[in-house]
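Number of protein chains: 2
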Amino acid sequence: MTRILLPLLPLIALLAGCGGTEPLASWNEGPPRAAIREWLAAVTDESGPDYIPVAERIAVFDNDGTSWCERPDYTPTTFQVDLARSFAARGAVDATAMPYRAWFESDRDALRAFGWREAYAALNHSYAGIEVTAYRDSARAWLAHKTHSRYGTPYTDLYYAPMLELMELLEANDFQVWIVTGAAQGFVRAYSEQAIGIPPERVIGSWTTPLYRQNEDGSVRLVRGEEQRYNGHENKPANIETRIGRRPVFAAGNSSNDQPMCRYAVTGERRGLALWIHHDDARREYAYGRTEGGLADLCRDHARAYRVSMKNDWNRLYREEAAEEAALTADPR
Amino acid sequence: MTRILLPLLPLIALLAGCGGTEPLASWNEGPPRAAIREWLAAVTDESGPDYIPVAERIAVFDNDGTSWCERPDYTPTTFQVDLARSFAARGAVDATAMPYRAWFESDRDALRAFGWREAYAALNHSYAGIEVTAYRDSARAWLAHKTHSRYGTPYTDLYYAPMLELMELLEANDFQVWIVTGAAQGFVRAYSEQAIGIPPERVIGSWTTPLYRQNEDGSVRLVRGEEQRYNGHENKPANIETRIGRRPVFAAGNSSNDQPMCRYAVTGERRGLALWIHHDDARREYAYGRTEGGLADLCRDHARAYRVSMKNDWNRLYREEAAEEAALTADPR
Numbered sequence: 222m223t224r225i226l227l228p229l230l231p232l233i234a235l236l237a238g239c240g241g242t243e244p245l246a247s248w249n250e251g252p253p254r255a256a257i258r259e260w261l262a263a264v265t266d267e268s269g270p271d272y273i274p275v276a277e278r279i280a281v282f283d284n285d286g287t288s289w290c291e292r293p294d295y296t297p298t299t300f301q302v303d304l305a306r307s308f309a310a311r312g313a314v315d316a317t318a319m320p321y322r323a324w325f326e327s328d329r330d331a332l333r334a335f336g337w338r339e340a341y342a343a344l345n346h347s348y349a350g351i352e353v354t355a356y357r358d359s360a361r362a363w364l365a366h367k368t369h370s371r372y373g374t375p376y377t378d379l380y381y382a383p384m385l386e387l388m389e390l391l392e393a394n395d396f397q398v399w400i401v402t403g404a405a406q407g408f409v410r411a412y413s414e415q416a417i418g419i420p421p422e423r424v425i426g427s428w429t430t431p432l433y434r435q436n437e438d439g440s441v442r443l444v445r446g447e448e449q450r451y452n453g454h455e456n457k458p459a460n461i462e463t464r465i466g467r468r469p470v471f472a473a474g475n476s477s478n479d480q481p482m483c484r485y486a487v488t489g490e491r492r493g494l495a496l497w498i499h500h501d502d503a504r505r506e507y508a509y510g511r512t513e514g515g516l517a518d519l520c521r522d523h524a525r526a527y528r529v530s531m532k533n534d535w536n537r538l539y540r541e542e543a544a545e546e547a548a549l550t551a552d553p554r
Numbered sequence: 222m223t224r225i226l227l228p229l230l231p232l233i234a235l236l237a238g239c240g241g242t243e244p245l246a247s248w249n250e251g252p253p254r255a256a257i258r259e260w261l262a263a264v265t266d267e268s269g270p271d272y273i274p275v276a277e278r279i280a281v282f283d284n285d286g287t288s289w290c291e292r293p294d295y296t297p298t299t300f301q302v303d304l305a306r307s308f309a310a311r312g313a314v315d316a317t318a319m320p321y322r323a324w325f326e327s328d329r330d331a332l333r334a335f336g337w338r339e340a341y342a343a344l345n346h347s348y349a350g351i352e353v354t355a356y357r358d359s360a361r362a363w364l365a366h367k368t369h370s371r372y373g374t375p376y377t378d379l380y381y382a383p384m385l386e387l388m389e390l391l392e393a394n395d396f397q398v399w400i401v402t403g404a405a406q407g408f409v410r411a412y413s414e415q416a417i418g419i420p421p422e423r424v425i426g427s428w429t430t431p432l433y434r435q436n437e438d439g440s441v442r443l444v445r446g447e448e449q450r451y452n453g454h455e456n457k458p459a460n461i462e463t464r465i466g467r468r469p470v471f472a473a474g475n476s477s478n479d480q481p482m483c484r485y486a487v488t489g490e491r492r493g494l495a496l497w498i499h500h501d502d503a504r505r506e507y508a509y510g511r512t513e514g515g516l517a518d519l520c521r522d523h524a525r526a527y528r529v530s531m532k533n534d535w536n537r538l539y540r541e542e543a544a545e546e547a548a549l550t551a552d553p554r
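If you read the sequences in order, they're chains R and P.
Okay, so the first sequence: first residue is 222 according to the working numbering, each after it adds one.
Okay, so the second sequence: first residue is 222 according to the working numbering, each after it adds one.
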């Protein structure tokens, strides 16, 4: 019996690392799945030319729209607006003043006219001075009761099953998996470890530099400051260097915001792989992915960058049964 | 035989995690060693009141003067000055202009008059535009041939044996060990993984935000930018929050620069421990540690902060034989 199983041991080990399910089970056969398998086999083959030492196995995933659903509302912002609303309710924010009025009325035209950067800065400004732990607790409390307008499930159930499988497969092959997002870092960190197993130090997002405060009893607290740093576009590779200190060999994104990071991953000395998650599935999710520019261009120009059609390449969208069922039956909204 | 060894298994496992040597062998019996052992036993005891879950076992070590020797010259700066010198040699930096002239002549009075912050900024400015990988390679090349003026050994052999043992003991107990330093992050990262097993993502130092550049062939390179961020004093806890996202439960430092970080570690909800590495050993190293203010005050006021006398608490300074022998025999310089 042992002798019969012996040749299967590597496969068994692989399956064990993936929680017992087949790796990439939610992916249909097709170019992206084949590319992932071929690339992973090549870069982990110690005797091959594409071998990547364990220390250099860095994989970066964009969050919103790449790893979980970002429509119809951008979840991190929805939380921040609700948090500002709670401050307005107790008089700490003037709900009639701009840009708060526009945020609270979801008036995108008014926000655009005000300036997105300034509008986000004002939103962050309204929580300046609260403890970083209070912000984290608020995010957790919000996520515990909020549900998605179409699917009716908690937001954290809306991570894409194929992407979770991919993260697990990479981790089973000794990759470090990082989230690199334009969203507020403190929001994503509030749930990432519990929901998808990514610890806070592996979440790089837009951040607000905290301030040091010493209490009268000599104890230390950290409060949210005013200075904000945006982690988008070309800042993503720059912050990857500052925070990780190595060039990633895998990157996944869904928008032009992720193009520099994906380009960085596929143009280094090591053999990299990039995936463009293309939102073309109006039935189960939302069809809004652009078909040119940004990552579309990268996939056209670079042999190592692949377009993933959510409609055709994924046979399952969500891991949670309730979410998956809703994706198949609920009216798109 | 198995039955006899069974009760010893936890001890054997502990020893195995420390490379076969006794944990803290270079520490003399005394209050700091006893405090470390007692604290570690308490926070890893699942049934005890002080238990700290594995995910929260964050340990932060200052680098210069805490983990390795920083005298007579501050090594990271010595490298940066030598690098600027190489730029001056090919005409890229004017060696007669201030503050370069003062840097090249080690004229501390002139540097102080110029302003330390501005002097460091100018030093960093001279490498703006070079690839981040080129800076790293320069640091590695420099470390490969430079030796310490007193001990005659490579700088990376001058990590303190007791601190390396402590890092190893913490890691054997599932702690994440981070370096949190005021030194240039890129310099420390250039050697930390090879020399002391700390990967680049676990080094937080003063950094220069890199800039994204796309080459004509579509490939990406990152170059050093102009914007600098100093990781000292109160910035250390702030950057720990930004980078790690958890409050450390262990911190070690040697100067007032480390006081906020050590205070942060010992005043949280979890039972923390802080060590003040006090330079009082003129024979084997250098005696320059202050005896009041900063960490001295913290150790006086907080039961969880301990002074470590390098002279009395450490029976060995360096792990490398040549360095240790030089510490015992070479003339102090």
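Even for Gly, the Cβ is constructed at its ideal location relative to N, Cα and C.
Own chain partners of residue i with C-beta closer than 6 Å, once the 5 adjacent residues on each side are dropped
i: D378 of chain R; result: E541 and A544
i: A473 of chain P; result: F282, T287 and L496
i: R292 of chain R; result: Y507
i: L494 of chain P; result: W260, F471 and R525
i: T430 of chain P; result: G446 and E448
i: D479 of chain R; result: D283
i: D330 of chain R; result: none
Check whether residue i and residue j have beta carbons under 8 Å apart
i: A323 of chain R; j: A316 of chain R; result: no
i: E455 of chain R; j: Y433 of chain P; result: yes
i: G446 of chain R; j: S477 of chain R; result: no
i: R278 of chain R; j: V470 of chain R; result: yes
i: V444 of chain P; j: I351 of chain P; result: yes
i: P481 of chain P; j: A405 of chain P; result: no
i: A280 of chain R; j: Q449 of chain R; result: no
i: R492 of chain P; j: D271 of chain P; result: yes
i: G510 of chain P; j: N475 of chain P; result: yes
i: F300 of chain P; j: P320 of chain P; result: no
Interface residues of chain P facing residue i [CB-CB closer than 7 Å]
i: R525 of chain R; result: Result: empty, since nearest Cβ-Cβ is about 11 Å, beyond 7 Å.
i: T488 of chain R; result: G439, S440 and V441
i: D522 of chain R; result: G439
i: G269 of chain R; result: Those within 7 Å of G269 of chain R in chain P number zero; the least Cβ separation is about 23 Å.
Distance, residue j Cα to residue i Cα
i: T354 of chain P; j: E462 of chain R; result: 10 Å
i: A275 of chain R; j: E422 of chain R; result: In the sequence as displayed, the identity of residue 275 of chain R is Val instead of Ala. Going by the C-alpha atoms only, they are around 19 Å apart.
i: W497 of chain P; j: N436 of chain R; result: 22 Å
i: H366 of chain R; j: E414 of chain R; result: 18 Å
i: A237 of chain P; j: W399 of chain P; result: Note on A237 of chain P: pLDDT 48, under 50, position unreliable in the model; the coordinate value appears next. Those two C-alpha atoms are separated by around 22 Å.
i: W289 of chain P; j: Y341 of chain P; result: 22 Å
i: K532 of chain R; j: D502 of chain R; result: 5 Å
i: A360 of chain R; j: F408 of chain R; result: 6 Å
i: T512 of chain R; j: R528 of chain R; result: 10 Å
i: I465 of chain P; j: S268 of chain R; result: 36 Å
i: G489 of chain R; j: G439 of chain P; result: 11 Å
i: A234 of chain P; j: V264 of chain P; result: Summary for A234 of chain P: the model assigns pLDDT 49, below 50, so the residue's position carries little reliability, and this model does not support an answer.
i: T550 of chain P; j: A255 of chain P; result: 30 Å
i: E243 of chain R; j: A305 of chain R; result: 43 Å
i: I273 of chain R; j: H499 of chain R; result: 28 Å
Within chain R, the residues that residue i reaches when beta carbons sit closer than 7 Å
i: T430 of chain P; result: A459 and T463
i: A262 of chain P; result: The contacting residues do not exist; A262 of chain P stays about 25 Å from chain R at best.
Residues that residue i bridges to, as DSSP identifies them
i: P375 of chain R; result: R:T368
i: W248 of chain R; result: R:W535
i: R438 of chain P; result: Correcting the residue type first, residue 438 of chain P is Asp in the shown sequence and not Arg. Paired residues: none, contrary to the question.
i: S530 of chain P; result: P:H499
i: D285 of chain R; result: R:W289
i: I425 of chain P; result: P:V401
Cβ-based neighbour list, residue i, same chain, cut-off 8 Å, excluding 5 preceding and 5 following
i: A548 of chain R; result: Y372, R505, E506, L538 and Y539
i: C239 of chain R; result: Unreliable placement is indicated for C239 of chain R, whose pLDDT of 47 sits below 50; the coordinate value is still reported in the next sentence. Only E386, E389, L390 and A393 meet the Cβ criterion.
i: A486 of chain R; result: V281, R468, P469, V470, F471, A472, G493, L494 and A495
Cross-chain neighbours of residue i in chain P, by beta carbon under 9 Å
i: G514 of chain R; result: Those do not exist, as G514 of chain R stays about 15 Å from chain P at its closest Cβ, beyond 9 Å.
i: R528 of chain R; result: Simply none; closest approach about 17 Å.
Partner residues on chain R for residue i, Cβ-Cβ distance less than 8 Å
i: V353 of chain P; result: E462
i: A276 of chain P; result: E414 and P420
Nonlocal neighbours in the same chain, by C-beta distance under 7 Å from residue i, ignoring five residues either side
i: A382 of chain P; result: S247, R537, L538, Y539 and R540
i: M222 of chain R; result: In this predicted model, M222 of chain R has a pLDDT of only 42, less than 50, meaning its place in the structure is not dependable; the value taken from the coordinates is given anyway. Same-chain partners within the cutoff: there are none.
i: R442 of chain P; result: E352, R434 and N436
Where residue i meets chain R, residues with beta-carbon distance less than 9 Å
i: P481 of chain P; result: Y433, Q435 and V441
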